[in-house]
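J.: Sending over a structure as structure tokens; questions will come in a sec.
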Amino acid sequence: MSVPGLIRLGDNALVLGQRLSEWCGHAPALEEDIALTNIALDLIGQTQLWLGLAGGREGAGRSADTLAYHRDAWDFRNLLLVEQPNRDFAVTMMRQFLFDTWHLEVLSALSAHTDPEISAIAQKSIKEVTYHLERSTDTVIALGDGTEDSHARMQCALDRLWPYVGEMFTTDGDDLTDMAALRPAFDAHVMATLAEATLTRPASDFAHQGGKTGVRHSEHLGHMLATMQVLPRSYPDAKW
Amino acid sequence: MSNEWPLWEVFIRGQHGLSHRHVGSLHASDAEHAIQNARDVYTRRKEGVSIWVVPAAQITATAPDDKGALFDPADDKVYRHPTFFDIPDDVGAM
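Just so you know, the protein sequences line up as chains A and D, in that order. The numbering of the first sequence is the numbering used here, which starts it at 3 and goes up by one. The numbering of the second sequence is the numbering used here, which starts it at 16 and goes up by one.
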């Protein structure tokens, strides 16, 4: 049964895409505003593919839109990392960097999946995510090794988000690939980038969990979904 | 504003065989950042196969006041313009 694993992938892309779209019109520079919105659109596009395939295989008549707009927080299976609020640009870009590094490894593994529909979506998404990672890596280095203020904000963002890294590498039977096996490649890219960015990896590997299993989302997800879902829930079958 | 990123001019080649064309400008902290921003601002709809970025400060331009001296004399000598030839369709973009 691939449906729970597909929903996890779709929910990660959906929740982070929605989070990034909150920057639209508010980013510190016009170019960054456009870039973040482009990444948000890439992720929403991937969401349509993952959730569309999940809904089709489930066979209960739920489309990607149904899954996105008509489930409550406890039905979502995204990582806790992606539902964390944007706060400042440093937190947004650090969250993006940690997610992109993991995401590219996941998609690389899935591109060799024996299921041709899964590998096709992964291969299509890799092109976009390769660019996402290039951009977020460069930003982490530029701001980490930047001014005193930007360095302090990036270190603060890293300290805040590190407890959400561990959940990405927990794995169970619902995952479409062994997530734990991806950790060494993740660590290699993150450590090399942090060194260049003059940032310090937090010592504790304590990990918040409960997002991908749906057991315990943070309070932030419900607020985000309320904004995202209000229109289709208030006006079912609305067209726009 | 002194803390604004420098300005870059962006040139994009639409397809192989054509030359790069100026498409606009943007702000970025360095050349690589400018390429990334150009990708996001100007090439999201498959507009290009190649991007150039040039620091706007590095471009030397003609002054508007020199327009007459530089360009007007060409207009009254019709033999300078290759207007007496028909260009075959097969030549393509020129």
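The C-beta atom is built at its ideal place from N, Cα and C for all residues, glycine as well. Quick caveat, the model's predicted, so the values are computed rather than measured.
Just confirm the distance between the C-beta atoms of A:L83 and A:M170, as a whole number of angstroms; I'd bet it's less than 8 Å.
T.: So it is a contact: roughly 7 Å between Cβ atoms.
J.: Does A:A144 have its Cβ less than 9 Å from a Cβ in chain D?
T.: Closer than 9 Å to some Cβ of chain D, the Cβ of A:A144 qualifies, so yes.
J.: Throw me the rounded Cβ distance for the A:V142 and A:A199 pair, which I believe falls under 8 Å.
T.: So it is a contact: roughly 5 Å between Cβ atoms.
J.: Going by the beta-carbon positions, is the gap between A:R203 and A:L145 smaller than 9 Å?
T.: Against a cut-off of 9 Å, the Cβ pair of A:L145 and A:R203 comes out as no contact.
J.: Check the C-beta distance from A:L32 over to A:L22 and give it rounded, since I have them as a contact under 8 Å.
T.: Incorrect: roughly 16 Å between the Cβ atoms, too far for contact.
J.: How far does the alpha helix (DSSP H) with A:S236 in it reach, from first residue to last?
T.: Taken as a continuous stretch (DSSP letters only), the alpha helix (DSSP H) holding A:S236 covers E221 to S236.
J.: Spatial neighbours of A:P165 within its chain, please: C-beta separation below 7 Å, excluding the five flanking residues on both sides.
T.: So the qualifying residues of the chain are F208, A209 and H210.
J.: Can you confirm whether the region 4–24 of chain A touches the region 25–41 of chain D when touching is taken to mean that 3 or more C-beta pairs between the two stretches lie within less than 8 Å?
T.: No: fewer than three Cβ pairs fall under 8 Å.
J.: Go to D:S65, then tell me how far its beta strand (DSSP E) extends in each direction, as first and last residue.
T.: It spans S65 to P70 - the beta strand (DSSP E) in which D:S65 sits, taken as one unbroken run.
J.: Let me confirm a value: A:L106 is counted as buried when at least 16 other C-beta atoms fall within 10 Å, else exposed. Which label applies?
T.: Burial call: buried.
J.: Consider the Cβ of A:R137: report whether some Cβ of chain D lies at a distance smaller than 9 Å.
T.: It does: the Cβ of A:R137 has a partner Cβ on chain D nearer than 9 Å.
J.: Measuring CB atoms only, is the region 65–78 of chain A touching the region 93–105 of chain A, in the sense that at least three cross pairs come out at less than 8 Å?
T.: These segments do not touch.
J.: Looking at the structure shown, is D:S40 part of a helix, part of a strand, or coil, going by DSSP?
T.: Of the three classes helix, strand and coil, the one that applies to D:S40 here is strand, per DSSP.
J.: Check whether the Cβ of D:V68 lies closer than 9 Å to any Cβ atom in chain B.
T.: No chain B appears in this structure, whose protein chains are A and D.
J.: Can you tell me whether A:S236 is buried or exposed, with buried defined as 16 or more other CB within 10 angstroms of its CB?
T.: A:S236 is exposed by the Cβ-count criterion.
J.: Taking the straight line between their C-alpha atoms, what separation do you get for D:G39 and A:E24?
T.: Cα to Cα, the separation comes out at about 27 Å.
J.: Just to confirm the assignment, what range does the alpha helix (DSSP H) spanning A:E60 have?
T.: Per DSSP, A:E60 belongs to the alpha helix (DSSP H) from L32 to E60.
J.: I'd like to know if A:L82 contacts chain D, where contact means its C-beta is closer than 9 Å to some C-beta of that chain.
T.: Chain D, which has no Cβ nearer than 9 Å to the Cβ of A:L82, makes this no.
J.: If we require 4 or more residues per run, which alpha helix (DSSP H) segments fall completely within the region 85–121 of chain A?
T.: You should have 91–112.
J.: Taking just the CA atoms, how far does A:S121 sit from A:M156?
T.: If I take the Cα positions, the gap works out to 35 Å.
J.: Could you tell me the boundaries of the beta strand (DSSP E) in which D:L110 lies?
T.: Here chain D comprises residues numbered 16 to 109, so residue 110 of chain D is not present and cannot be evaluated.
J.: Determine the chain D residues that contact A:N14 at a beta-carbon separation under 8 Å, and present them in chain order.
T.: By Cβ distance, chain D contributes nothing, its closest Cβ being about 22 Å from A:N14, past 8 Å.
J.: Is the Cβ of D:M16 closer than 9 Å to any Cβ of chain A?
T.: Caution applies to D:M16, whose pLDDT of 46 falls short of 50 and renders its modelled position unreliable; the value that the coordinates give is listed next. Not an interface residue.
J.: Distance, Cα to Cα, A:A182 vs A:F101?
T.: Going from the Cα of A:A182 to the Cα of A:F101 covers about 15 Å.
J.: Taking the continuous alpha helix (DSSP H) assigned at A:E150, which residues delimit it?
T.: E150 to L163 is the span of the alpha helix (DSSP H), which, as asked, contains A:E150.
J.: Quick one: grab the DSSP three-state call for A:H72.
T.: If DSSP states are grouped into helix, strand and coil, A:H72 belongs with coil.
J.: Flag this pair as yes or no: are the beta carbons of A:V131 and A:E60 separated by less than 9 Å?
T.: Not a contact, by the Cβ cut-off of 9 Å.
J.: Output the distance between the C-alpha atoms of D:A49 and A:H222, rounded to the nearest integer angstrom.
T.: Distance between the alpha carbons of D:A49 and A:H222 is about 34 Å.
J.: Between which two residues does the alpha helix (DSSP H) containing A:Y166 stretch?
T.: From DSSP, A:Y166 is part of no alpha helix (DSSP H); its letter is neither H nor E.
J.: One question on the structure: do A:F99 and A:L43 come within less than 9 Å of each other, judged by their Cβ atoms?
T.: Result no, Cβ atoms of A:F99 and A:L43 do not sit closer than 9 Å.
J.: Is it buried or exposed for A:F78, if we count other Cβ within 10 angstroms and need 16 for buried?
T.: When all chains shown are included, A:F78 counts as buried.
J.: Would you say A:R10 and A:D177 are within 9 Å of each other, going by their C-beta atoms?
T.: Yes, Cβ-Cβ distance for A:R10 and A:D177 is below 9 Å.
J.: From A:L18 to D:V56, what distance separates their C-alpha atoms?
T.: So the two alpha carbons sit approximately 21 Å from each other.
J.: Inspect the beta-carbon positions of A:D174 and A:T215 and report whether they are closer than 9 Å.
T.: Yes, the Cβ-Cβ distance between A:D174 and A:T215 is below 9 Å.
J.: Starting from the beta carbon of A:I36, find every residue of chain D whose beta carbon is closer than 7 Å, and list them in chain order.
T.: Ordered by position in chain D, the residues that pass the 7 Å Cβ test against A:I36 are D55 and V56.
J.: Under 9 Å between the Cβ atoms of D:A72 and D:L33?
T.: No; because the gap between Cβ atoms is not below 9 Å, this pair is not in contact.
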